[in-house]
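J.:
Numbering (the working numbering), first residue to last: 22 to 304.
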């Protein structure tokens with residue numbers, strides 16, 4: 022006779038981490054609300070649960086911590102938590118994306134650690150990761166794309182800013198230190214201002230998934246300095262997402278060189294005398 026009895030083991034709680042609003046991307050200055058949802062699918066309450074969150078250094082101003090969580094540096098700790106039977110418990114906090122993300126930051130990942138007393142050596146580690154909003158790109162061109170430029174040519178420069186992301190880029194600034202080989206700068210678009218040979222644009226907005234074109238005209242000076250073989254023009258675009266590293270689109274065109282000339286006498290006689298008939302060539 023083999024009587025037996027079998028009872029299911031009480032499983033661990035599960036956990037999911039989310040950002041309220043589920044943004045597609047995050048950018049400097051964004052205030053993010055993180056939720057950590059603990060789920061207990063069993064018929065008795067889970068007591069003595071602990072949780073922690075080592076918030077990454079790409080987030081700052083951590084506040085509004087729920088459930089009596091405590092903050093030490095960038096680490097949040099929750100102790101003595103109870104997850105009700107067949108229910109959930111939501112832990113939450115807010116944090117702001119730092120103003121200057123480290124170079125190369127392509128995403129912000131945040132991982133929590135939940136300790137269920139039923140299995141204290143193996144934490145549950147819910148995480149959420151969001152890509153950072155990338156920088157705008159920029160290209161500089163000359164209308165008509167001339168192969169060379171020469172004194173007196175009037176050139177129209179375009180600087181095309183491209184935003185490949187789903188939200189408009191605001192607060193963008195741009196400048197252009199026009200070289201001394203160009204003069205008569207005019208027809209500056211987008212309320213740009215001219216000081217000397219420098220153009221400045223402020224408070225620009227590049228639309229979501231769109232472009233913004235800045236433009237101006239300038240004339241090649243009448244007398245190019247000796248040895249000038251090209252005219253190079255570089256702009257500087259400041260994207261608030263990475264204000265210390267400007268985007269620097271440029272365009273350079275060779276100048277149209279002067280002809281050279283040599284004069285010779287056919288036969289290259291060593292001397293000439295009365296009556297000699299000379300044939301001159303100017304090449």
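Glycine included, C-beta positions come from ideal geometry on N, C-alpha and C.
Nearest to residue 142 by alpha carbon, out of 236, 260, 70?
T.: As a position in the chain shown, residue 142 is number 121, starting the count at 1. Checked all of 236, 260, 70; the closest Cα to residue 142 is 70.
J.: Keeping to the same chain, check which residues put their C-beta closer than 6 Å to that of residue 228; ignore five residues upstream and five downstream.
T.: Position 207 of the chain shown holds residue 228. Same-chain partners within the cutoff: 189.
J.: Mapping the DSSP letters down to three states, classify residue 292 as helix, strand or coil.
T.: Within the chain shown, residue 292 is the residue found at index 271, counting from 1. The answer is coil: DSSP assigns residue 292 none of H, G, I, E or B.
J.: Assuming residue 182 and residue 258 form a contact by the criterion Cβ under 8 Å, report the distance between their Cβ atoms to the nearest whole angstrom.
T.: Indexing the chain shown from 1 puts residue 182 at position 161. Indexing the chain shown from 1 puts residue 258 at position 237. With a Cβ gap of about 6 Å, residue 182 and residue 258 count as contacting.
J.: For residue 100, which residues of its own chain have a beta-carbon under 7 Å away from its beta-carbon, when the five flanking residues on both sides are left out?
T.: Residue numbering aside, residue 100 sits at position 79 when the chain shown is read from its first letter. So the qualifying residues of the chain are 71.
J.: Assign residue 154 to one of three DSSP states: helix, strand, or coil.
T.: Counting from 1 along the chain shown, the entry for residue 154 is found at position 133. Three-state result, residue 154: coil.
J.: Using C-beta distances below 6 Å, list every residue in its chain close to residue 119, excluding the 5 sequence neighbours before and after it, in chain order.
T.: What you label residue 119 is simply residue 98 of the chain shown in a count that begins at 1. 79, 81.
J.: So, is residue 133 buried or exposed, given that buried needs 16 or more other C-beta atoms within 10 angstroms?
T.: Taking the first residue of the chain shown as position 1, residue 133 is located at position 112. So residue 133 counts as buried.
J.: Assess contact between the region 151-158 and the region 108-115, defined as three or more Cβ pairs (one per stretch) separated by less than 8 Å. Is contact present?
T.: Too few Cβ pairs lie closer than 8 Å, so no.
J.: Determine the closest residue to residue 48 out of 116, 59, 276, with distance taken between C-alpha atoms.
T.: If you number the chain shown from 1, residue 48 lands on position 27. Selected option, being the one with the closest Cα: 116.
J.: Run through DSSP, which three-state label would residue 260 get?
T.: In the chain shown, counting from the first residue as 1, residue 260 sits at position 239. Residue 260 falls in the coil class under three-state DSSP.
J.: For residue 205, report the span of its beta strand (DSSP E) as first-last.
T.: As a position in the chain shown, residue 205 is number 184, starting the count at 1. Looking at the DSSP string, the run of the beta strand (DSSP E) that includes residue 205 is 203-207.
J.: Report the CB separation of residue 191 from residue 226 in whole angstroms; it is logged as a contact under 8 Å.
T.: Taking the first residue of the chain shown as position 1, residue 191 is located at position 170. Taking the first residue of the chain shown as position 1, residue 226 is located at position 205. Yes, they are in contact, since the Cβ atoms of residue 191 and residue 226 sit about 5 Å apart, within 8 Å.
J.: Are residue 237 and residue 262 closer than 8 Å when you measure CB to CB?
T.: If you number the chain shown from 1, residue 237 lands on position 216. If you number the chain shown from 1, residue 262 lands on position 241. Their beta carbons are not under 8 Å apart, which means residue 237 does not touch residue 262 by this criterion.
J.: Rounded to whole angstroms, what is the Cα-Cα separation between residue 247 and residue 200?
T.: Start at 1 with the first residue of the chain shown, and residue 247 comes out as number 226. Start at 1 with the first residue of the chain shown, and residue 200 comes out as number 179. Cα to Cα, the separation comes out at about 15 Å.
J.: Mind checking who residue 266 pairs with in its DSSP beta bridge?
T.: Counted from its first residue, the chain shown places residue 266 at position 245. The partner list for residue 266 (beta bridge, DSSP) is empty, contrary to what the question assumes.
J.: So what does DSSP say about residue 173, is it helix, strand or coil?
T.: On the chain shown, residue 173 is found 152 positions in, with the first residue counted as 1. Three-state result, residue 173: coil.
J.: What's the C-alpha gap between residue 230 and residue 166?
T.: For this step, residue 230 is matched to residue 209 along the chain shown. For this step, residue 166 is matched to residue 145 along the chain shown. About 26 Å.
J.: With which residues is residue 249 paired in a DSSP beta bridge?
T.: If you number the chain shown from 1, residue 249 lands on position 228. Beta-bridge pairing links residue 249 to no other residue.
J.: Can you check the region 29-86 for any beta strand (DSSP E) of at least 3 residues that lies completely inside it and give the ranges in chain order?
T.: Whole beta strand (DSSP E) segments, 3+ residues: 35-40, 52-61, 67-75, 80-84.
J.: Return the bridge partner residues of residue 139 from the DSSP annotation.
T.: Along the chain shown, read from residue 1 onward, the residue named residue 139 stands at position 118. The partner list for residue 139 (beta bridge, DSSP) is empty, contrary to what the question assumes.
J.: Within its chain, find whatever has a CB closer than 6 Å to the CB of residue 218; leave out the 5 residues flanking it on each side and keep chain order.
T.: For this step, residue 218 is matched to residue 197 along the chain shown. Closer than 6 Å at Cβ, skipping near neighbours: 199.
J.: Taking the alpha-carbon positions, what's the residue 75 to residue 97 distance?
T.: Counting from one through the chain shown, the residue named residue 75 turns up at place 54. Counting from one through the chain shown, the residue named residue 97 turns up at place 76. Roughly 7 Å separates the two Cα atoms.
J.: In angstroms, rounded to a whole number, what distance separates the CA positions of residue 139 and residue 64?
T.: Here residue 139 refers to the residue found at position 118 of the chain shown. Here residue 64 refers to the residue found at position 43 of the chain shown. Between residue 139 and residue 64, the C-alpha separation is close to 15 Å.
J.: In the DSSP output, which residue or residues are listed as bridge partners for residue 113?
T.: The residue you call residue 113 lines up with position 92 of the chain shown. DSSP, once it has assigned bridges, lists 56 as partnering residue 113.
J.: Nearest-angstrom Cα distance between residue 86 and residue 103?
T.: Within the chain shown, numbered from 1, the residue matching residue 86 stands at position 65. Within the chain shown, numbered from 1, the residue matching residue 103 stands at position 82. Each residue's Cα considered, the two are about 17 Å apart.
J.: Return yes when the C-beta of residue 95 is under 7 Å from any heavy atom of the ligand HEM, and no when it is not.
T.: In the structure on display, the ligand HEM does not appear, and there are no ligands present to speak of.
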